[in-house]
Amino acid sequence: MEVLAGIRPIHQLARRLDPRCLAALQHRAALIRRELTRTGNPALTRLHRNSTVRSVRVCEVADGIYEASAVVVDDVRARAVAVRLEQSKQVWRVTELVIG
Numbered sequence: 000m001e002v003l004a005g006i007r008p009i010h011q012l013a014r015r016l017d018p019r020c021l022a023a024l025q026h027r028a029a030l031i032r033r034e035l036t037r038t039g040n041p042a043l044t045r046l047h048r049n050s051t052v053r054s055v056r057v058c059e060v061a062d063g064i065y066e067a068s069a070v071v072v073d074d075v076r077a078r079a080v081a082v083r084l085e086q087s088k089q090v091w092r093v094t095e096l097v098i099g
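Reading the sequence shown from the start, the letters are residues 0 to 99 in numbering that gives the first Met the number 0.
This is how it looks when you write it as structure tokens:
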């Protein structure tokens with residue numbers, strides 16, 4: 000959420016996201032920035048700001064693989080977030096990321 004809000008550089012997450020997830024998150028953040036620049040819509044400046052996780056559910060689907068869902072509320076709306084985490088060489092990486 001902080002990347003989408005423009006308050007965290009995406010490179011800080013690069014080690015924890017697989018390349019496809021990283022590219023998708025980077026693309027979505029760029030679309031938000033472009034729309035904000037194009038329209039100047041003040042509501043977009045509040046989008047993804049002050050995000051709070053309201054609930055989390057986690058399920059182990061296999062050894063070293065977990066799927067989680069969360070409800071995240073920000074200044075504008077509530078949204079669902081789903082992630083798949085896989086352990087590889089003692090490092091956990093996000094291999095799937097969906098932000099509603």
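Beta carbons are placed, not taken as given, at the ideal position from N, Cα and C, and that holds for glycine. Computed from a prediction, not measured in an experiment: that's the story for all the values here.
In this structure, the CA atom of residue 79 is about 22 Å from the CA atom of residue 35.
The C-alpha of residue 14 lies about 8 Å from the C-alpha of residue 92. The C-beta separation of residue 20 from residue 66 comes to about 14 Å, leaving the pair out of contact by the 8 Å criterion. Under the DSSP assignment, residue 83 falls in the beta strand (DSSP E) whose first and last residues are 77-87. Residue 56: member of the beta strand (DSSP E) spanning 51-61, first to last residue. Two segments are said to touch when three or more pairs of C-beta atoms, one from each, lie closer than 8 Å; by this definition the segment 25-39 does not touch the segment 80-88. For residue 16, the secondary structure class from DSSP, reduced to helix, strand or coil, is strand. Secondary structure of residue 98 (DSSP, three-state): strand.
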